[in-house]
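S.K.: Protein chains in written order, with the numbering used here: chain V, 105 to 417; chain F, 11 to 360.
Structure incoming, see below.
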Amino acid sequence: MNVIVDILASVGMWEAMFRIATPFILGTLGVLLCERVGVLNLGIEGIMTFGAMIGWLTVYSGGDLWAGLAAAAVFGAMFGLLHALMTVPLGLSQHVTGLGITLFASSFSYYVFRLAIPTSTSPPTIEPFRPVAIPGLSEIPFLGPVLFNQTAPTYLAILLVALIAWVLYRTPLGLAIRMTGENPHAVDAQGIDPILLRIGTIMAGSALMGLGGAFLTLAAFNSFFPTMVQGRGWICIALVVFALWRPGRALLGALLFAFFDAFQLRLQTAVDGVPYQIFLMLPYILSILALVLMARKARVPQALMQPYRRGER
Amino acid sequence: MRFERRENASAALTILAPVGAILAALVIAGVLIAIAGANVLEAYGLILQGAFGSRLGVTETLTRATPLILTGLAAAVAFRAKLWNIGGEGQFYMGALAVTAFGLVPGLAGAPAPVVILACLVVGALAGATLLLVPAALKLRFGVDEVVTTLLLNFVTVLFVSLMIEGALRDPLAFGWPQSVPVPDAAVLPQLIERSRLHAGLLIALGLAVAVWWVQSRTVFGMQARATGLNARAAAFAGVPLGRTLALVACLSGGLAGLAGAIEVMGVKGYVTTDLSPNYGYSGIVIAMLANLNPIGVIGAALFSAVMFVGADSMSRALGIPSYIADVTVALSLLTMLVALFLTQYRVRR
């Protein structure tokens with residue numbers, strides 16, 4: 105018991121929770137945008153991988169850290185465009201297209217990485233984002249170092265939650281996005297093109313996925329290696345169901361998930377006799393449990409996975 | 011520009027679709043090879059030479075195609091019924107692991123080889139089927155989307171394999187490398203050609219492709235599975251037992267992927283490690299789509315992938331182009347195939 109109390113009382117644990125949560129917050133927001141406009145984007149795992157690679161490569165070849173993030177977002181949006189063109193105007197299977205994008209984007213990122221870094225026994229590193237202490241606020245005992253001594257992308261991710269919630273619920277654009285996910289025919293009748301809106305929103309969502317991947321190489325670690333995304337994209341898809349497609353709950357879900365992850369990481373070193381694989385399985389099993397719990401409550405956007413063709417029902 | 015549904019897709023177009031898709035993927039991958047600074051035609055020449063140019067190349071390609079046929083069939087039967095089994099990778103590992111565990115059963119050593127082999131194949135298939143029954147049950151009972159659960163279970167399964175080969179199933183003679191105990195000698199699949207890795211698993215895979223075709227096109231269950239995939243509500247209305255059909259499809263699909271793992275470990279590797287599969291499960295999805303979910307077509311699509319993987323390895327050694335180009339090409343062919351299939355169903359009008 106003492107061990108658990110010690111872990112829960114440590115600043116490091118709560119500070120790590122926000123760090124671990126950041127890629128999940130960004131990825132979950134990305135999935136949420138795509139699904140709110142009516143499209144399942146299983147490309148996330150590959151887009152995150154490519155974002156991680158291109159963000160790292162940009163910085164490694166002399167770019168600024170922010171340029172790295174921007175590159176990840178731009179390439180994320182490009183993969184999003186590919187996904188959108190195939191699923192929206194052509195109306196192809198969203199399952200298969202998404203998996204195809206994931207397979208393509210991840211193998212393409214390994215290819216580009218190998219071309220740029222032909223042989224590497226130990227992966228080369230970059231100087232990553234450092235925590236930025238917010239003057240004054242970071243002095244608050246306990247809360248200060250936990251909340252106000254994070255890296256810039258973490259602050260950005262939390263700001264984006266508020267921004268996306270505001271756009272979705274307080275602007276005409278958000279109303280149109282939500283409506284397209286529920287009933288694209290009604291949107292079309294209002295004179296808004298649901299096809300263009302879907303393409304644009306998927307691109308924005310995919311840019312966020314790219315950012316989430318880049319956080320891994322630019323802030324959480326300092327190098328890129330294949331398979332480093334480790335199913336984080338798939339977990340984001342589960343988190344969106346858990347979040348009932350709402351940005352605020354998405355933040356909550358990502359934090360809760362990261363809490364368990366940070367906790368199991370510390371428990372691993374504190375508890376003897378339990379194989380480490382058991383701890384590593386927990387995040388995936390937890391995600392499956394979350395899906396089971398929420399499956400009945402979930403109010404899925406009505407037009408999710410329904411391609412829209414004008415004049416067809 | 012708009013799209014107009016064709017009355018009926020012509021047979022010629024349906025056959026041309028995968029050919030066109032693969033050509034398009036090769037052209038795009040060719041651009042990537044050119045950007046890397048190599049001669050594209052030389053690179054493709056070396057890929058073909060690596061895959062077909064020698065006795066070793068041919069047998070390696072066929073050896074590589076064997077698990078791909080099975081994981082391709084696994085995805086094809088599931089997708090036909092719109093059961094999105096993306097867990098082929100996990101089921102592959104489960105099948106492989108189950109065989110090595112089964113090899114520890116006392117008394118197995120005395121049994122005749124054909125019996126041991128058959129028993130091992132059944133165990134591998136059962137293990138794969140069981141793993142897919144979990145997400146299938148969650149889908150049927152709680153309405154949980156099986157795409158995400160099968161994907162997440164892939165990670166759980168590989169961790170479980172890692173746990174087992176460092177624990178209960180660890181090979182004490184492996185000098186501390188995490189690998190499982192070897193399969194018993196009696197369970198090793200016979201070689202097809204001497205001085206090669208090609209084993210009898212290829213014949214099993216080919217036989218199963220025909221068997222799956224027969225089940226899908228000539229049995230009531232096959233009809234029910236297709237009907238479920240085309241329109242589940244209409245199928246239910248017509249009296250198809252949806253739950254039972256999906257459970258059976260899950261057993262068949264998971265069983266085929268489990269069998270792929272069992273056969274790989276019994277025919278090629280002899281023991282399980284966590285890098286037993288270079289994404290065979292995920293490649294199976296591409297192969298199924300390239301084959302347009304046709305079990306016989308799966309054989310051809312698996313051969314294409316195997317040629318790319320084996321050929322790219324030797325091309326990579328000669329030209330210094332990363333062998334990941336094979337994965338890129340195969341993934342691209344999935345995307346181009348989707349577009350090609352679309353063009354067989356729609357015509358583009360101005």
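The beta carbon of each residue, even a glycine, is placed where N, CA and C say it ideally should be.
From a predicted model like this one, the values you see are computed outputs, not experimental measurements.
(1) Give a single yes or no on whether F:Ile57 has its beta carbon closer than 6 Å to a heavy atom of the ligand ADP.
(2) Could you check which residue in V:Val236, V:Phe252, V:Pro235 and V:Val109 has the C-alpha nearest to that of V:Ser242?
(3) So the alpha helix (DSSP H) V:Gln406 belongs to, where does it begin and stop?
(4) I want to verify the contact list: residues of chain F whose CB lies under 9 Å from the CB of V:Arg350, in sequence order.
(5) For the segment 317 to 344 of chain V, list every residue whose C-beta sits within 8 Å of some C-beta in chain F, in sequence order.
(6) Using beta carbons (cut-off 7 Å, strictly below), is V:Val396 in contact with chain F?
(7) Where does F:Glu99 land, buried or exposed, given buried means 16+ other C-beta within 10 angstroms?
(8) Could you tell me whether the Cβ atoms of V:Thr326 and V:Ile221 are closer together than 7 Å?
(9) Going by CA-CA distance only, name the one from F:Asp285, F:Ala84, F:Ile43 and F:Gly30 that's closest to F:Gly330.
(10) In or out: F:Ile127 buried (at least 16 other Cβ within 10 Å) or exposed?
(11) Once you ignore the five residues that flank F:Leu216 on each side, which residues in its own chain have a CB closer than 8 Å to its CB?
(12) For V:Leu390, decide whether its Cβ has a neighbour in chain F, counting only Cβ atoms nearer than 7 Å.
(13) Kindly provide the ranges of any alpha helix (DSSP H) runs that are 4 or more residues long and lie completely inside the segment 36 to 106 of chain F, ordered along the chain.
(14) Whose C-beta lies closer than 7 Å to the C-beta of V:Phe363 among residues of the same chain, with five residues either side of it excluded?
(15) Can you check whether the C-beta of V:Arg403 is within less than 7 Å of a C-beta belonging to chain F?
(16) Go to V:Val291, then tell me how far its alpha helix (DSSP H) extends in each direction, as first and last residue.
(17) Is the Cβ-Cβ distance between F:Leu161 and F:Val154 less than 7 Å?
(18) Can the beta-carbon of F:Pro192 be found less than 7 Å from the beta-carbon of F:Gly117?
(19) For chain V, is any of its Cβ atoms less than 7 Å away from the one on F:Met299?
(20) Could you pull the start and end residues of the beta strand (DSSP E) that F:Val250 belongs to?
(21) Taking 7 Å as the CB-CB cut-off, is F:Phe319 touching chain V?
(22) Do V:Gly150 and V:Ile205 have their C-beta atoms within less than 7 Å of each other?
(23) Measure the alpha-carbon distance for F:Ala106 versus F:Ile273 and round it to whole angstroms.
(24) What does DSSP give as the partner residue(s) for V:His187 in the beta ladder?
(25) Within the same chain, show all residues whose beta-carbon is closer than 8 Å to that of F:Leu258, passing over the 5 residues directly before and after it, in chain order.
(26) Counting only C-beta atoms, is V:Val236 closer than 7 Å to chain F at any point?
(27) Mapping the DSSP letters down to three states, classify V:Gln410 as helix, strand or coil.
(28) Of all the residues that make up the segment 280 to 296 of chain F, which are near chain V by a beta-carbon distance shorter than 8 Å?
(29) Please report how far the alpha carbon of F:Leu286 lies from the alpha carbon of F:Leu136, in whole angstroms.
(30) Shorter than 7 Å from the beta carbon of V:Gln198 to some beta carbon of chain F?
(31) Could you tell me whether the Cβ of F:Ser324 comes closer than 7 Å to any Cβ of chain V?
(32) Beta strand (DSSP E) containing F:Phe13: first to last residue?
(33) For F:Val158, would you say it is in contact with chain V, using Cβ-to-Cβ distances shorter than 7 Å as the test?
(34) Please report the straight-line C-alpha distance between F:Gly307 and V:Val107, rounded to a whole angstrom.
(35) Do the segment 340 to 356 of chain F and the segment 289 to 305 of chain F meet, that is, are 3 or more Cβ pairs less than 8 Å apart?
(36) Under the three-state reduction of DSSP, which class applies to V:Pro298: helix, strand or coil?
M.R.: The structure says:
(1) Questions concerning the ligand ADP fall outside what the structure shown contains, since it holds no ligand whatsoever.
(2) V:Phe252
(3) It is not in any alpha helix (DSSP H) - V:Gln406 carries neither H nor E in the DSSP assignment.
(4) Neighbours of V:Arg350 on chain F: none; closest Cβ ~18 Å, over 9 Å.
(5) Gln334, Gly335, Trp338, Ile339, Ile341 and Ala342
(6) yes
(7) Label assigned to F:Glu99: buried.
(8) It is worth fixing the name first, because residue 326 of chain V is Asn in this sequence and not Thr. Against a cut-off of 7 Å, the Cβ pair of V:Ile221 and V:Asn326 comes out as no contact.
(9) F:Ile43
(10) buried
(11) Ile79 and Ile309
(12) no
(13) Qualifying alpha helix (DSSP H) stretches, in chain order: 50 to 62 and 65 to 90.
(14) If we look at V:Phe363 and ignore the five residues flanking it on each side, its Cβ neighbours are Met121.
(15) V:Arg403 does not count as touching chain F.
(16) Per DSSP, the unbroken alpha helix (DSSP H) holding V:Val291 starts and ends at Pro288 to Ala293.
(17) no
(18) No; because the gap between Cβ atoms is not below 7 Å, this pair is not in contact.
(19) yes
(20) Where F:Val250 is concerned, there is no enclosing beta strand (DSSP E), given that its DSSP letter is neither H nor E.
(21) no
(22) yes
(23) 8 Å
(24) Beta-bridge analysis with DSSP links V:His187 to no other residue.
(25) Phe231 and Ala235
(26) no
(27) coil
(28) Tyr292, Ile295 and Val296
(29) 19 Å
(30) no
(31) no
(32) Residues Arg12 to Arg15.
(33) yes
(34) 57 Å
(35) yes
(36) Three-state result, V:Pro298: helix.
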